[in-house]
Amino acid sequence: MRIAMIGTGYVGLVSGACFADFGHRVTCVDKDAGKIDGLNRGVMPIWEPGLEGLVKANAERGRLAFTTDLVAGVKDAEAVFIAVGTPARRGDGHADLTFVFEAVRELAKVIKPGTVVVTKSTVPVGTGDKIEKILGDEGVQDVSVASNPEFLREGAAIADFKHPDRIVVGAEDIHSQDVLREIYRPLFLNRAPILITGRRTAELTKYAANAFLAVKISFINEIADLCEAVDADVQDVARGIGLDNRIGPKFLHAGPGYGGSCFPKDTLALLQTADEAGVDQRIVRTTVKVNDDRKAQMVERVSRALGGDVRGKRVGVLGLAFKPNTDDMRDAPSIPIVKTLVERGADVSAFDPVARHQAERIFSGIEFAEDAFAAAEGADAVVIVTEWDEFRALDLERLASVLRGKVLVDLRNVYDRRDAEEAGLAYYGVGRGREAVGG
Ligand code: NAD
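Heads up: the sequence shown runs through residues 1 to 439, numbered per the working numbering.
Spelled out as structure tokens, the structure:
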């Protein structure tokens, strides 16, 4: 199949490269000339494991091309995927569809009859209808509009794309169903379930999935608070419930609250959709509040571990990206943590294995260290904010030896209290008995 991908960000680039790897001919379009220029020189705009090799291999085979020229990119495409950003709109939190509609209007000028337009961006229920209307108003005829939400996780994006739990296709005519089936045929052969639904249902399924995962995270975070008050260990509680197949072990890690490019904005957008429909979503509404409060509470934990005040204290922060294996800093829990520490007069020295270049645009007045030990050097406390693998097996004795204050605040529960204490560190985890810093 000949595919055009409009928007070459995390989703567009990964999807485009994977489709090309399936054997399709893909042109990725982006209006960011710097990004396209870099990709044409083999420079990846994002850090994602395995991406560079996949992109280069398929570009060399002539199956993957990059351009800023939408007309050229879309010219012969049988399917045009829209994978532009849908950030939260300032003020009300609704999904901002400016980029989507802008792309559709550009598309309308060149699209040929028989093409299938597919939204891969996360878009609110009814967006497919609006796209259809814009195309109709622009005089476009015989073009189908389908929804194919993406469920990949940054940090494991290629594996997720190639081995999805399911593919959701919202397509209401046989032609678009057939085109999408053909595009995903290699995965179908691998027995990935393909769920064909109505377009509105597919649009809503994406929001429901993200909202449910956000609920799961906030649920275990509240259980963690209870564990601290009643001297129980949330790690064991999570394991105890997660082994139940009806619950499952994933997204049950207590920590500093969810962040990233999807959950915060998608939960807000779902609430807006619900408001417009006149149907309250109390569980999701509460989840958003629980998560916002949680992020704000994290500095209190550091402060308590340091005796009640961070002013004049030096704090080493390990991990800035919103999760491991990505350089994405969008809505990362590290942002309120680091900013509040600085506002309250702490000296912050931070280290992240790959997100420094993004973080430098966000934080001012902090130092960036070259590794975990350099971040901890002379600090009163070290705080693990993102659970990168390289922070999972630090030499704790060495860490203690470079620290001034011998305090380890482990917001990801990476370490055992006993190991930390044996190394001479005062240990503060999350949801781990009365001695946890929240208790
Ligand atoms: P991103 O910001 O990384 O990439 C979007 C790209 O679209 C940018 O490069 C931008 O320059 C480009 N763009 C915007 N308008 C354009 C236009 N008119 N023509 C050409 N290019 C244009 O965003 P992302 O993280 O890839 O997310 C894209 C969508 O996928 C969002 O709706 C998001 O919610 C959804 N999604 C993201 C993830 C994720 O993990 N990042 C996972 C699933 C779904």
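Here a beta-carbon is modelled for each residue, glycine too, at the ideal position from N, C-alpha and C.
- prompt: To the nearest angstrom, how far is it from the Cα of Gly439 to the Cα of Ile46?
  reply: Bear in mind that the predicted position of Gly439 carries a pLDDT of just 40, short of 50, making it too unreliable to give a figure here.
Task: For Cys28, the first and last residue of its enclosing alpha helix (DSSP H) - done: It is not in any alpha helix (DSSP H) - Cys28 instead sits in the beta strand (DSSP E) that spans Arg25 to Val29.
Return no unless some Cβ of chain C is closer than 7 Å to the Cβ of Pro49.
Of the protein chains in this structure there is only one, and it is not chain C.
| task | Determine the contact status of Ala83 and Gly12, defining contact as a CB-CB distance below 7 Å. | result | yes
| query | Which one of Asp309, Thr8, Lys162 and Val317 has the shortest CA to CA distance from Asp69? | reply | Thr8
- Which value, in whole angstroms, describes the spacing of the CA atoms of Gly50 and Leu403? 35 Å
CB of Thr86 to nearest heavy atom of the ligand NAD: below 6 Å? yes
- Task: Starting from Ser261, trace the beta strand (DSSP E) both ways and give me its first and last residue.
- Result: Premise fails: Ser261 is in no beta strand (DSSP E) and is neither H nor E.
- Mind checking whether the beta-carbon of Gly7 lies closer than 6 Å to any heavy atom of the ligand NAD? yes
Expressed to the nearest angstrom, what Euclidean distance is found between the alpha-carbon atoms of Gly128 and Glu203? 8 Å
*asked:* Can you tell me whether Tyr5 is helix, strand or coil according to DSSP?
replied: The residue you asked about is not Tyr; residue 5 is Met in the sequence shown. The answer is strand: DSSP assigns Met5 an E or B state.
Which runs of the alpha helix (DSSP H), 4 residues or longer, sit entirely within the stretch 21-88? 33-40, 51-60 and 70-74
Thr273: buried (16+ other C-beta within 10 angstroms of its C-beta) or exposed? buried
Three-state class that DSSP yields for Ser121 in the structure shown: coil
ask   = Under a Cβ-count criterion, where at least 16 other Cβ atoms within 10 Å of its own Cβ denotes burial, should Pro193 be classed as buried or exposed?
value = exposed
key: Given Glu387 as reference, the closest of Gln281, Glu48 and His253 once Cα atoms are compared   = His253
Where Asn325 falls, given that 16 or more other Cβ within 10 Å makes a residue buried: buried
Margin query: Checking 7 Å against the spacing of the C-beta atoms, do Ile6 and Val26 come in under that value?
Written below: no
Practice prompt. Specify whether the stretch 271-291 and the stretch 103-111 touch according to this definition: at least 3 beta carbon pairs, one from each stretch, less than 8 Å apart.
Written response: no
Check your understanding: To which residues of the same chain is Val100 closer than 8 Å at the C-beta, ignoring the five residues directly before and after it?
Key -> Ile82, Val84, Thr86, Thr119, Ser121, Val123, Thr127 and Ile131
Near Val74, which residues of its chain fall below 7 Å by C-beta distance, leaving aside the five closest residues on each side in sequence? Ala4, Val80, Leu107, Val110 and Ile111
Self-check item: Exposed unless 16 or more other CB atoms sit within 10 angstroms - verdict on Ala372
Solution: buried
Review point. Is there at least one non-hydrogen atom of the ligand NAD closer than 6 Å to the beta-carbon of Asp92?
Key: no
Practice prompt. Report the rounded CA-to-CA distance for Val443 versus Leu318, giving the unit in angstroms.
Written response: Nothing can be reported for residue 443, as the shown portion of the chain is limited to 1 through 439.
So Thr386 is in the alpha helix (DSSP H); what residue range does that whole segment cover?
First-last for Thr386: undefined, no H or E at that position.
With a threshold of 6 Å, establish whether the CB of Glu138 neighbours any heavy atom of the ligand NAD. no
- Can you say whether Gln358 is buried or exposed, counting buried as having 16 or more other CB atoms within 10 angstroms of its CB? buried
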